[in-house]
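Trainee:
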């Protein structure tokens, strides 16, 4: 995913588009899953909390201050 597409997806999330929220969670799903194991067991509650936190952070992030969001996040397509 390129930076422009990522920005558009984030803007749709900020507008309340549920499909875009689901798409973003799928994009970050490997990272979310990786952080949801507590004592070797997968925590559904943790998955839900991290998914909500991801969307909250997107809503609060000021994209105007960053030239290349994906580079800023150190993500690669």
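Numbering (our numbering), first residue to last: 360 to 436. Built from N, CA and C at the ideal position, the CB exists for glycine as well. This one's a predicted model, so the numbers in the text were calculated from it and none came from an experiment.
Assign residue 436 to one of three DSSP states: helix, strand, or coil.
Mentor: As a working note, residue 436 is residue 77 in the chain shown. Low local confidence applies: a pLDDT of 41 at residue 436 is under 50, so the model's placement there is unreliable, and no value is given.
Trainee: Could you pull the start and end residues of the alpha helix (DSSP H) that residue 420 belongs to?
Mentor: Against the chain shown, residue 420 aligns to sequence position 61. Note, residue 420: premise wrong, no alpha helix (DSSP H); not H, not E.
Trainee: Would you list the one or two residues that DSSP bridges to residue 397?
Mentor: By one-based count along the chain shown, residue 397 stands at place 38. Bridge partners of residue 397: 400.
Trainee: By Cβ distance, which residues of its chain are closer than 7 Å to residue 382, with the 5 residues on each side in sequence left out?
Mentor: Position 23 of the chain shown, counted from the start, is the residue given in the question as residue 382. Closer than 7 Å at the Cβ level, and outside the excluded window around residue 382, lie 368.
Trainee: Quick check on DSSP: helix, strand or coil for residue 374?
Mentor: Here residue 374 is taken as the residue at index 15 of the chain shown, counted from 1. Residue 374: coil per DSSP, three-state reduction.
Trainee: By alpha-carbon positions, which one of 373, 371, 360, 384 ends up nearest to residue 411?
Mentor: Your numbering for residue 411 matches position 52 in the chain shown. Of the listed residues, the one whose Cα sits closest to residue 411 is 384.
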